[in-house]
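Chains as they are written, first to last, in the numbering used here: chain H, 423 to 597; chain R, 423 to 597.
Note that the Cβ used here is the ideal one computed from N, Cα and C, for glycine as well.
Worksheet for the structure shown next.
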DNA sequence: TACTTTGTTTAGTTATTACTAAACGTTCTA
DNA sequence: TAGAACGTTTAGTAATAACTAAACAAAGTA
């Protein structure tokens with residue numbers, strides 16, 4: 423029915439779609455998919471061949487994937503090439519991604535909420551008392567929501583070695 | 423120091439950034455922020471005035487926000503205008519967003535992984551036995567990861583009325 | 001030292017997406 | 001029924017992001 427290449431292509435397309443859905447480049451998903459289906463680590467040129475992307479694109483995407491912990495770079499002695507292999511411990515990847523997202527723009531944006539709250543509580547601006555109280559209440563609620571989210575991700579990240587089965591079980595207890 | 427408008431603007435920009443970070447339009451974050459800081463529901467025209475966006479943009483973004491459960495439309499008798507208010511129960515919103523994401527493109531992409539697995543197990547393609555076994559193992563692992571993720575989101579969605587404090591506590595038990 | 005082989009960086013292109021401006025369809029009002 | 005008030009839709013634009021092609025840097029090899 424379907425030949426080897428077609429079967430693999432469908433898989434690659436699927437992961438590309440998932441990648442795009444989560445706001446990552448499509449090519450990133452494709453690269454990961456190719457590596458994931460490969461028994462041996464692949465070099466940059468092999469990835470060029472198997473994905474149809476150019477070296478430049480592979481280079482940048484591979485770097486991002488490494489930073490996220492979704493793939494791991496492999497260097498062989500006496501071989502100047504870089505090889506890459508898919509990380510098969512998804513839980514490890516998730517922790518890696520979470521700690522990655524923790525920083526950067528997100529924290530920065532969340533911080534601005536904190537600043538707003540501080541200014542309001544410091545009496546800045548010329549709000550009438552009722553409005554100020556209202557604003558403080560609202561912003562404070564948002565703030566604590568972010569704090570809870572943060573705690574949650576930290577908690578998840580702390581669960582080293584444990585798989586999702588565990589989380590699943592725990593949550594099922596709550597019904 | 424900072425006037426009322428500046429304080430609010432900073433907050434709006436912050437939420438815009440958060441929105442963008444999660445792959446949503448910046449304007450969506452801005453609209454939610456404005457509503458969130460408003461004691462009373464706002465009409466479309468008031469949103470136009472306070473965000474600087476045009477009616478069209480407000481219209482589409484407001485629809486998306488409603489679908490996600492982040493804001494709620496309010497209609498008043500004898501008033502043809504639509505009003506919108508921010509949902510303040512973030513937990514409710516999260517559940518809503520999760521169930522929204524559940525469907526659509528994501529499921530579709532995940533399904534393609536399942537199809538790949540089925541084809542492999544059905545003996546399609548002309549892989550040699552060793553490679554087929556390898557591929558099946560890999561794809562199966564990914565499949566069960568997705569299943570676990572799915573269970574997790576369902577479990578979270580099932581926790582009606584419970585706040586994040588609960589989840590936090592539960593996860594902290596695991597250390 | 002010149003030439004290969006590798007990966008990275010950059011400048012420019014393509015594709016996508018969020019937006020604006022304006023036309024449109026409805027529904028209410030005079 | 002004409003006109004006004006709303007929200008939606010659409011066609012076009014602007015901004016952004018991912019990619020290609022090619023120049024480049026680094027580091028080995030002849």
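Reducing DSSP to helix, strand and coil, say where residue i ends up.
i                      : result
residue 460 of chain R : coil
residue 508 of chain H : strand
residue 503 of chain H : coil
residue 447 of chain R : coil
residue 596 of chain H : Because residue 596 of chain H carries a pLDDT of 49, less than 50, the predicted location of this residue cannot be relied on, and the following value inherits that uncertainty. If DSSP states are grouped into helix, strand and coil, residue 596 of chain H belongs with coil.
residue 466 of chain R : helix
residue 497 of chain R : strand
residue 549 of chain R : coil
residue 439 of chain R : helix
residue 476 of chain R : coil
residue 490 of chain R : helix
residue 570 of chain R : helix
residue 563 of chain R : helix
residue 555 of chain R : helix
residue 529 of chain R : helix
If I measure Cβ to Cβ from residue i and keep anything under 8 Å in the same chain, skipping five residues before and after, which residues do I get?
i                      : result
residue 469 of chain H : 453, 456, 457, 475, 480, 484 and 506
residue 519 of chain H : 490, 491 and 492
residue 539 of chain H : 558, 561, 562 and 565
Leaving out the 5 sequence neighbours to the left and right, which residues in its chain are closer than 7 Å to residue i when beta-carbon positions are compared?
i                      : result
residue 521 of chain R : 579
residue 459 of chain R : 430 and 433
residue 517 of chain H : 579
Between residue i and residue j, what straight-line distance do the alpha-carbon atoms span, to the nearest angstrom?
i                      : j                      : result
residue 442 of chain H : residue 451 of chain H : 8 Å
residue 497 of chain R : residue 433 of chain R : 27 Å
residue 424 of chain H : residue 557 of chain R : 15 Å
residue 563 of chain R : residue 486 of chain R : 34 Å
residue 555 of chain R : residue 427 of chain H : 16 Å
residue 509 of chain H : residue 511 of chain R : 37 Å
residue 577 of chain R : residue 571 of chain R : 10 Å
residue 573 of chain H : residue 465 of chain R : 36 Å
residue 503 of chain R : residue 440 of chain R : 29 Å
residue 537 of chain H : residue 436 of chain R : 10 Å
residue 447 of chain R : residue 514 of chain H : 30 Å
residue 568 of chain R : residue 473 of chain H : 24 Å
residue 542 of chain H : residue 552 of chain H : 12 Å
residue 488 of chain R : residue 535 of chain R : 31 Å
residue 550 of chain H : residue 529 of chain R : 49 Å
residue 471 of chain H : residue 463 of chain H : 14 Å
residue 438 of chain H : residue 444 of chain R : 18 Å
residue 545 of chain R : residue 527 of chain H : 47 Å
residue 575 of chain R : residue 575 of chain H : 14 Å
residue 533 of chain H : residue 501 of chain H : 45 Å
Mind checking residue i: buried by the 16 CB within 10 Å criterion, or exposed?
i                      : result
residue 548 of chain H : exposed
residue 499 of chain H : exposed
residue 495 of chain H : exposed
residue 560 of chain R : buried
residue 478 of chain R : exposed
residue 531 of chain H : buried
residue 461 of chain R : exposed
residue 482 of chain H : exposed
residue 449 of chain R : buried
If I measure Cβ to Cβ from residue i and keep anything under 6 Å in the same chain, skipping five residues before and after, which residues do I get?
i                      : result
residue 429 of chain H : none
residue 467 of chain R : none
Return yes when at least one heavy atom of the ligand MN lies under 7 Å from the C-beta of residue i, else no.
i                      : result
residue 500 of chain R : In the structure shown, the ligand MN is absent, as is every other ligand, since no ligand is present at all.
With 9 Å as the C-beta to C-beta threshold (strictly closer), list the residues of the segment 454-476 of chain R near chain H in chain order. Within the segment 454-476 of chain R, those residues whose Cβ lies closer than 9 Å to any Cβ of chain H are, in chain order, 458, 459 and 461.
Between the segment 542-558 of chain H and chain R, which residues of the former have a C-beta closer than 9 Å to a C-beta of the latter?
-> Against chain R - using a Cβ distance shorter than 9 Å - the residues of the segment 542-558 of chain H are 542, 544, 546, 547, 548, 549, 552, 553, 556 and 557.
- In chain order, what residues of the segment 509-524 of chain H put their CB closer than 8 Å to some CB of chain R? Within the segment 509-524 of chain H, the residues whose Cβ lies closer than 8 Å to some Cβ of chain R are 510 and 512, listed in chain order.
- Proximal residues, the segment 423-440 of chain R versus chain H, C-beta separation under 7 Å: Going along the segment 423-440 of chain R in chain order, one finds 423, 424, 425, 426, 429, 432, 433, 435, 436, 439 and 440 with a Cβ nearer than 7 Å to chain H.
(message) Along the segment 560-572 of chain R, where does the CB come closer than 8 Å to a CB of chain H? Name the residues.
(response) Here the close residues are 560, 561, 563, 564, 567, 570 and 571.
### Message
Under 8 Å, CB to CB, which of the residues in the segment 476-503 of chain R have a partner in chain H?
### Response
Residues passing the 8 Å Cβ filter: none.
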